[in-house]
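Single-structure report; data block below.
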Amino acid sequence: MKIPGKPEDYSEGMLKSLLTLSDVMATGYHAACAARVQPGDTVIVLGDGAVGQCGIIAAKMMGAKRIISTSCHEDRRALAQEFGATDNVAERGDEGVAKLLELSDGGADAVLDAQINPGKVFTQTFGLDQIQQAYEAMDQRKTIKSYLIVEG
1 MKIPGKPEDY SEGMLKSLLT LSDVMATGYH AACAARVQPG DTVIVLGDGA VGQCGIIAAK
61 MMGAKRIIST SCHEDRRALA QEFGATDNVA ERGDEGVAKL LELSDGGADA VLDAQINPGK
121 VFTQTFGLDQ IQQAYEAMDQ RKTIKSYLIV EG
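One point on numbering: in UniProt numbering, the residue at position 78 of the sequence shown is 78, and numbering is uninterrupted.
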């Protein structure tokens, strides 16, 4: 990363904060790029930590019209709103899914998964002999994650 001036122009704390942002911002931005966020999209951001917050910033930069954060922490919800989240869902489980579907009019254009432990969320299952179809389904955005079954 190139910054203006010379390294000695900056305190150690300033340099560390720049490097920290570069890591989480790049991850949140990559998530938005990989999800192909477009102007006017509705985006759901799962996770309210640094990467999720940077995903909100990236989605806003890319022109998302509606950005739904998923925080149950008041301070993080407020930060998400400051960064561009238009709505927040604090509920979890079936209630949270129902609320997300309601706010997104039946489903988002893009979902950024920035959770520490997202669990196993598979939307399609394939046999090992169908590995090519599994990758194609993900590339074509027909599935979020593919689960390959290895038998034998």
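Glycine is no exception: its CB is placed at the ideal position from the N, C-alpha and C atoms.
According to DSSP, residues forming a beta bridge with residue i
i, result
"R66", "T42"
"D87", "I68"
Cutoff 6 Å; reference residue i; Cβ partners in own chain excluding five residues on either side
i, result
"R77", "S71, N88"
"D109", "D41, T42"
"V45", "G52, G55, I56, S69, L112"
"T27", "V51"
Residue span of the alpha helix (DSSP H) that contains residue i, given as start and end
i, result
"L128", "Segment: none, L128 is in no alpha helix (DSSP H) and carries neither H nor E."
"G52", "50-61"
"E95", "93-103"
Best match in the options for proximity to residue i [C-alpha to C-alpha]
i, options, result
"T86", "S104, Y29, A98", "S104"
"D75", "A108, I68, D48, D94", "D48"
"K60", "G93, E82, D139, M14", "E82"
"H73", "A58, Q53, I57, M62", "Q53"
"Q115", "L128, A31, E136, Y135", "A31"
"E139", "L18, A34, G13", "Note that residue 139 is Asp in the sequence shown here, rather than Glu. It is A34 whose Cα lies nearest to the Cα of D139."
"residue 161", "S11, R66, A58", "The chain is shown only over 1 to 152; residue 161 falls outside these bounds and no answer can be derived."
"M62", "G13, M14, Y29", "Y29"
"G84", "A98, D94, A64", "A64"
N-terminal and C-terminal residue of the beta strand (DSSP E) that residue i is part of
i, result
"V111", "110-113"
Nonlocal neighbours in the same chain, by C-beta distance under 7 Å from residue i, ignoring five residues either side
i, result
"L101", "G107"
"A80", "D48, Q53, I56, S69, S71, N88"
When the Cβ atoms of the region 31-40 are set against those of the region 6-13, are three or more pairs found closer than 8 Å?
-> Two segments are said to touch when three or more pairs of C-beta atoms, one from each, lie closer than 8 Å; by this definition the region 31-40 does not touch the region 6-13.
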